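Heads up: the structure comes next, in C-alpha cells.
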Ligand code: SF4
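Chains as they are written, first to last, in my numbering: chain A, 8 to 307; chain B, 557 to 650.
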C-alpha cells in the first residue's frame, strides 16, 4: 500500500490507522510526504508502525527555489531534515523528484546535493506527468527536447551514482541494457487500485481529475468486488499491454515499459492503451530514437 | 573450428549492438535477450557475414591475454547458445 497526497500527514490519524492495518495484514507500506510534518518523533513513530519505505519530495537543490515552488517557507529545510532523521534510524528513505521545465536546469546539481550533501541513500526521478494538479503547476511540463535533455542528464548521473537513482522513464530514452547504473521503476497498472480521498476507486489518483475513470466507492461497495468486477480493472489485467496504439504499438520496448503511465495516456488521449504522451510527441517531432521502431506507428 | 559451414544469424529479429553490449528483440513475443559486450562483438561480425575462423581471430587479437583454446571454446558455446535460441543457422558450404 502506498499512501500519498497532497500531504497525507495532514490526516495523521488516518495514516497511522492505515499503517496499523498494513502491519496486521502483512502488507508492504510506503508513504510519500513533503516532509513538513515529519519531525524525528513522527518518523520514529512511522517506523515503529511498520512503514517500509518513505519518499520525501524535493524538487530543487536550493531552499529559496524549493520553498517558492512549493509556496511555503521552510519546506526545503523540513524535507532535508526528514530525510536525515529517517536515514539515522535506518528507515528506507528516498528523495522523490519530479522534473519539469523550471527545475530541469538544476537536475545535475540537485542529484549531487541529494546524494552527497544531504546525503539521501537513493533518489527517484521522473518527468512530471500532466495529470490533475500537475497540469496547472507553475513548473511547466517538459517538451520533447527537454525530455531528451533530462534523459541525457540521468544517464550521466547513473554512471556517477550507480544503483542510487531510480527512474520512471520510457525505455527508448534510458533502459537497463544501456544504462545499468540506473534502476527502473514501473507503475504496475495491472495490479494497482487507487483509493481517492472520498472513497472513490480509480487507477491511482487519475479519478481526481477524470471522474469518468472512477469505477466505484469503497464506502459503499466491497473493494475486492470492485477490483474483481470493474471493467477498468478487468481491462487492465487482461488486455492492457497487448494492444498499444501510436508509437508504443510500434516500439520494441512495449512489453517492458508498457506506455510508462497509462493514466497519463488516458488523460491525454482517452485510452489506457494510448501511447505515453512524451514518446508520441518525440515521434511527431522526428526525435524518437529510430532503432526502437519496428514499423510505422498508427495514430495515437 | 568447423570450416565446413557458413553461419547465418536470424535477420527477422532486431539486433541492437553497442560497443559495451546489446540486446536482441524477438518480434513473436516482444521479449528481449541481453547480450554481453563479447556476444555483441561476435554478433556484429556474424551479421557482416564473417566466418567463424575470422571471428575467432578477432577475439584472439582483442583478448590477447586469454588462451586461444579458451576463446575457441567460448565462441563455440556462444554459437551453440544462439542455435538453441533459433538465432543462428549453420549452412554447409561443401
Ligand atoms: S514508445 Fe511506448 S513502449 Fe516505447 S519507450 Fe516510449 S513509452 Fe515505452
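Glycine residues also receive a C-beta, built at the ideal position from the N, C-alpha and C atoms. None of these values were measured; they are calculated from a predicted model.
- Contact fails between the stretch 89 to 98 of chain A and the stretch 129 to 138 of chain A, because fewer than three Cβ pairs, one in each stretch, are under 8 Å apart.
- Per DSSP, reduced to three states, the secondary structure at residue 105 of chain A is strand.
- Between residue 260 of chain A and residue 182 of chain A, the CB-CB gap stays under 8 Å.
- Along the stretch 559 to 589 of chain B, the positions whose C-beta sits under 9 Å from a C-beta of chain A are 570, 572, 574, 576, 577, 578, 579, 581, 583, 585, 586, 587 and 588, read in chain order.
- Short note on residue 215 of chain A: C-beta not closer than 7 Å to any heavy atom of ligand 1.
- Proximity of residue 262 of chain A to chain B, defined by a Cβ-Cβ separation below 8 Å, is satisfied.
- Excluding the 5 residues flanking it on each side, residue 202 of chain A has same chain C-beta neighbours closer than 8 Å at 208, 225 and 230, in chain order.
- Distances from the CB of residue 258 of chain A to the heavy atoms of ligand 1 include at least one below 7 Å.
- Take the alpha-carbon of residue 274 of chain A and the one of residue 214 of chain A: they are about 10 Å apart.
- Between residue 567 of chain B and residue 580 of chain B, the gap from beta carbon to beta carbon reaches 8 Å or more.
- For residue 40 of chain A, the enclosing beta strand (DSSP E) stretches over residues 37 to 40.
- Within the chosen limit of 7 Å, ligand 1 reaches the beta carbon of residue 178 of chain A through at least one heavy atom.
- Taking 4 residues as the minimum length, the alpha helix (DSSP H) runs contained wholly in the stretch 141 to 178 of chain A are 151 to 167, in order along the chain.
- Assigned with DSSP and collapsed to three states, residue 247 of chain A falls in coil, not helix or strand.
- DSSP places residue 216 of chain A in the helix class (H, G or I) of the three-state scheme.
- Residue 130 of chain A carries a strand assignment under DSSP once its states are collapsed to helix, strand and coil.
- At a threshold of 7 Å, residue 194 of chain A does not count as near ligand 1, since its beta carbon sits no closer than that to any of the ligand's heavy atoms.
- Not flagged as an interface residue toward chain B: residue 157 of chain A, since no C-beta distance is shorter than 8 Å.
- With a minimum length of 4 residues, the unbroken runs of alpha helix (DSSP H) contained wholly in the stretch 225 to 296 of chain A fall at 230 to 236, 238 to 245, 253 to 256, 261 to 264, 269 to 276 and 284 to 291.
- Interface residue (Cβ-Cβ distance to chain B less than 8 Å): residue 301 of chain A is classified as such.
- Within a 10 Å sphere around the beta-carbon of residue 288 of chain A sit 16 or more other beta-carbons, which makes this residue buried.
- In terms of side-chain proximity, the C-beta atom of residue 267 of chain A is found nearer than 7 Å to a non-hydrogen atom of ligand 1.
- Annotation for residue 27 of chain A: 56 place their beta carbon closer than 7 Å to its own, counting only its chain and skipping 5 residues before and after.
- Exclusion of the five residues before and after residue 644 of chain B leaves 563, 564, 565, 566, 602, 635 and 638 as the residues of its chain whose Cβ lies within less than 8 Å of its Cβ.
- With a 10 Å radius around the Cβ and a threshold of 16 neighbouring Cβ atoms, residue 118 of chain A comes out buried.
- For residue 184 of chain A, at least one C-beta of chain B is nearer than 8 Å to its own C-beta.
- The CB of residue 276 of chain A never comes closer than 7 Å to any CB in chain B; the least such distance is about 21 Å.
- Under DSSP, residue 9 of chain A shares a beta bridge with A:37.
- In the DSSP secondary-structure assignment, residue 137 of chain A is not bridged to any residue.
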